[in-house]
Amino acid sequence: MTTPLIGAIEAGGTKFVIAIARADGTILEQARLDTESPAITMPGVLAFFREAAARHGPIGGLGIGSFGPVDIDRASPTYGSITSTPKPHWSGASYLEWLAPLQVPMLVDTDVNAAALGEWQAGAGQGTGTLAYTTVGTGVGTGLVRRGEPVGGFTHFESGHIRPRHDHARDPFAGTCPYHGDCLEGLASGPAIKARYGQSLDQMADTADAVELLGDYLSDLALSLILLHAPDRLIFGGGVMKAPGLLDSLRLQTERKLAGYVVHPRLDPGLQRYIVGPGLGDLAGITGAIALGRQAMAAPRAGA
C-alpha cells in the first residue's frame with residue numbers, strides 16, 4: 133500500500149512556498165507563488181497540489197504555516213482564517229475553505245511557529261527543550277516551541293508589535309506600522325528599513341549605523357524573550373538578519389542589556405552559542421509546515 137504524501141505551505145507576506153513531500157520530510161516537488169490576493173494566489177496553490185498528487189501520489193495531510201494574524205484556535209469556527217491583517221484582501225480568507233477540494237486533514241499555524249518547529253526538529257534548535265525563533269523580514273514575528281509543540285495563549289504571540297525603546301533624537305523615524313507606528317515591525321522590518329533609508333540594507337554602501345540601530349531594537353526583543361520565556365536558544369532569521377554584522381550587534385547589545393542579571397550556563401560569554409542564525413536557512417518554514425502536515429495526517433483534528 134502506498135504511503136500518503138504530505139502537502140506543505142509556507143505562506144509569507146511576499147511569497148508562498150508550497151511543496152509535496154514524503155513522510156520522512158524528503159521534498160518531491162516545490163514551487164513558489166507571489167502573495168497576491170487570495171483570489172489569485174490560492175487557486176494556484178490548489179492547482180499545484182492537484183497536479184503534484186497526480187504525479188507523485190495521494191496527499192494524506194496538509195500543513196500550513198501562515199503570515200498573520202491568523203486564527204490558530206482549533207476549536208474556533210474561524211480556525212485557519214486570516215484575521216486583522218493590513219495586507220489587502222486577506223482579512224477573513226480561510227485556508228480550510230480554499231483548500232477544501234483536496235479533502236485532506238489540515239493543520240494551520242503561524243509561519244514563525246512553523247519555522248521554530250522546523251529548526252527544533254532538524255536545524256539550529258536541535259537538542260533544546262524550549263526554542264524561540266524570530267524572523268526579521270517583511271514583518272517581525274517570534275515562534276516559541278516547547279518540547280516540539282508551539283506555545284501560545286488564546287492566540288499566537290505578536291512579538292513584532294512590542295514597542296522597543298525609541299530614542300527620537302537618535303532615530304526620528306516615526307515607524308511604518310499602520311496600527312502602532314514605532315513598534316518593532318514598524319522600526320526594524322524590511323519595509324521599515326527601506327522607508328527610513330530609502331533603500332534596503334543590501335543596497336547601502338555603509339550599513340554600520342543602521343546595523344547598530346537595528347541591533348538595539350532587536351536586542352530589546354531578545355531581552356524580553358529571555359526574561360519572559362528563558363528559552364534554551366534564540367534563533368534570529370529572515371532577510372534582514374542576513375546583513376553583515378547584525379547578528380553580532382544583536383548579541384553584543386543583548387548581553388549588555390542583560391547586565392549580568394541572569395546567570396546560566398546557557399548564556400555563554402558573548403552569546404555566540406545562545407543567539408544564532410537558522411541552521412536550515414530559508415528551508416526552516418517549509419520544513420516546519422511539513423511537520424504540521426505529518427501531524428495532521430497522524431491525528432486529523434481540523435479541515436478533514
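The working numbering runs 132 ahead of the 1-based position in the sequence shown.
For each residue, glycine too, the CB sits at the ideal point set by N, CA and C.
Should residue i and residue j be called a contact, given that it needs their Cβ atoms to be closer than 8 Å?
i, j, result
"I191", "L249", "no"
"G420", "F368", "no"
"F148", "T167", "yes"
"A225", "L357", "no"
"A151", "G417", "no"
"D352", "P296", "yes"
"T266", "T274", "yes"
"L316", "S291", "yes"
"T270", "G197", "no"
"H300", "H312", "no"
"I407", "L355", "no"
"L424", "G195", "yes"
"G193", "A428", "yes"
"G371", "G322", "yes"
"T308", "A327", "yes"
"V268", "L165", "no"
"A163", "R426", "no"
Could you tell me the alpha carbon to alpha carbon distance between residue i and residue j, rounded to whole angstroms?
i, j, result
"A324", "L384", "23 Å"
"T158", "D203", "29 Å"
"S223", "S216", "6 Å"
"A254", "L412", "7 Å"
"G176", "D348", "40 Å"
"K389", "L382", "11 Å"
"L345", "H298", "10 Å"
"V272", "P237", "29 Å"
"L228", "S213", "8 Å"
"P432", "L379", "Low per-residue confidence applies at P432: pLDDT is 47, beneath 50, and the placement is therefore not dependable enough to give any value."
"V240", "I422", "11 Å"
"L178", "F289", "29 Å"
"F180", "P233", "13 Å"
"A453", "G139", "This structure does not reach residue 453, given that the chain is present from 133 up to 436, and the question cannot be answered."
"A375", "T339", "8 Å"
"A430", "L276", "22 Å"
"M373", "D334", "11 Å"
When we look at the beta-carbon of residue i and count the other beta-carbons within 10 Å, is it buried (16 or more) or exposed?
i, result
"E438", "For residue 438 there is no data in the structure shown, the boundaries of the chain being 133 and 436."
"S208", "exposed"
"T210", "exposed"
"P304", "exposed"
"E183", "exposed"
"I141", "buried"
"P282", "buried"
"A143", "buried"
"A436", "Any reading at A436 needs caution, since the residue's pLDDT is 45, under 50, leaving its predicted position unreliable; the model's value is listed next. Exposed, because fewer than 16 other Cβ atoms sit within 10 Å of the Cβ of A436."
"L360", "exposed"
"P201", "buried"
"A186", "exposed"
State the CB to CB distance for the pair residue i and residue j, rounded to an integer number of angstroms; the pair is presumed to be in contact (CB under 8 Å).
i, j, result
"G261", "D364", "6 Å"
Please return the same chain residues whose Cβ sits closer than 7 Å to the Cβ of residue i, not counting the five positions on each side in sequence.
i, result
"P170", "H221, W222, A225, W230"
"V394", "I358"
"H188", "L137, I152, L160, E161"
"Y329", "M336, A342"
"L403", "R383, T386, E387"
"A306", "G313, D314"
If I measure Cβ to Cβ from residue i and keep anything under 6 Å in the same chain, skipping five residues before and after, which residues do I get?
i, result
"A362", "none"
"M174", "W230"
Grab me the residues of residue i's own chain with a C-beta within less than 8 Å of its C-beta, minus the 5 sequence neighbours each way, in chain order.
i, result
"K219", "G145, T167, F199"
"G280", "L249, W252, Q253"
What I want to know is whether the C-beta of residue i ends up closer than 7 Å to one or more non-hydrogen atoms of the ligand ADP.
i, result
"A416", "Only the bare structure without any ligand can be found here, which leaves the ligand ADP out of the picture."
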